[in-house]
Amino acid sequence: MISSLPDPERAPLPLADFMQQATDAVALLKALSHENRLLILCILCKGEKTVGELEEMLHLQQAIVSQQLARLRADGLVSSRREGRQIYYSIANPLVQDVVALLYRMYCAPKVAQITP
7 MISSLPDPER APLPLADFMQ QATDAVALLK ALSHENRLLI LCILCKGEKT
57 VGELEEMLHL QQAIVSQQLA RLRADGLVSS RREGRQIYYS IANPLVQDVV
107 ALLYRMYCAP KVAQITP
């Protein structure tokens with residue numbers, strides 16, 4: 007059993023606040039639960055990108071990238087800024103970088119270590 011997990015019965019927050027935090031966590035996890043959205047967030051953790059750059063890096067059609075960015079923007083996970091004709095997307099919620107880093111350590115880092123001579 008993991009002892010560092012919070013105990014809802016002895017949480018420092020009132021139960022209603024604890025439940026709201028759980029709801030917020032579920033919303034974040036739902037946004038991360040699509041492969042293309044997760045890949046987009048992984049890339050954006052390294053710095054802002056345009057739709058075209060994401061499209062090229064992920065080998066996805068522009069419509070697919072735009073659809074996923076719209077969902078991420080609606081969820082408050084990414085933000086955008088316009089520069090001339092280009093729109094740049096970046097991470098808006100700092101929790102995203104923490105979660106993506108954790109997922110990288112869990113799923114990607116061991117694989118990279120296995121193939122590195």
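Numbering-wise (the numbering used here), the sequence shown opens with residue 7 and increments by one. From the three backbone atoms N, C-alpha and C, an ideal C-beta is built for every residue, glycine too. Everything numeric in this text was worked out from a predicted model, so none of it was measured.
Review point. Based on Cα-Cα distance, which residue from V32, A28 and E89 lies nearest to E54?
Key: Minimum Cα-Cα distance from E54 among the listed residues V32, A28 and E89 corresponds to E89.
Check your understanding: Should M7 go down as buried or exposed, given a rule of 16 or more other Cβ atoms within 10 Å for buried?
Key -> Only weak support exists for where M7 lies, its pLDDT of 44 falling under 50; the value from the coordinates is given anyway. Classification for M7: exposed.
Exercise for review: Rank M25, L21, T29 and V57 by C-alpha distance to the C-alpha of D81 and give the top, closest one.
Suggested key: Per the Cα distances, T29.
Check your understanding: Can you tell which of E62, P18, A31 and A22 has its C-alpha closest to the C-alpha of L45?
Key -> When each option's Cα is compared against that of L45, the closest is E62.
Practice item. Look up Q73 in the DSSP assignment and say whether it is helix, strand or coil. Key: helix
Check your understanding: Taking only runs of the beta strand (DSSP E) that begin and end inside the region 74-98, which ones reach a length of at least 3 residues, in chain order?
Key -> 84-89 and 92-97
**Study point:** Cβ-Cβ separation, L83 to N99 (assumed contact under 8 angstroms), whole Å
**Key:** 5 angstroms
Review point. Helix or strand or just coil, what does DSSP make of K55?
Key: strand
Point to revise | Local conformation of Q67 per DSSP, three classes | key: In the structure shown, Q67 adopts coil according to DSSP, grouped into three states.
Review point. What is the DSSP secondary structure of L35, reduced to helix, strand or coil?
Key: For L35, the three-state secondary structure derived from DSSP is helix.
Check your understanding: Shortest alpha-carbon distance to Q68 belongs to which of T56, L78 and A22?
Key -> Out of T56, L78 and A22, the CA that lies nearest to the CA of Q68 is found in T56.
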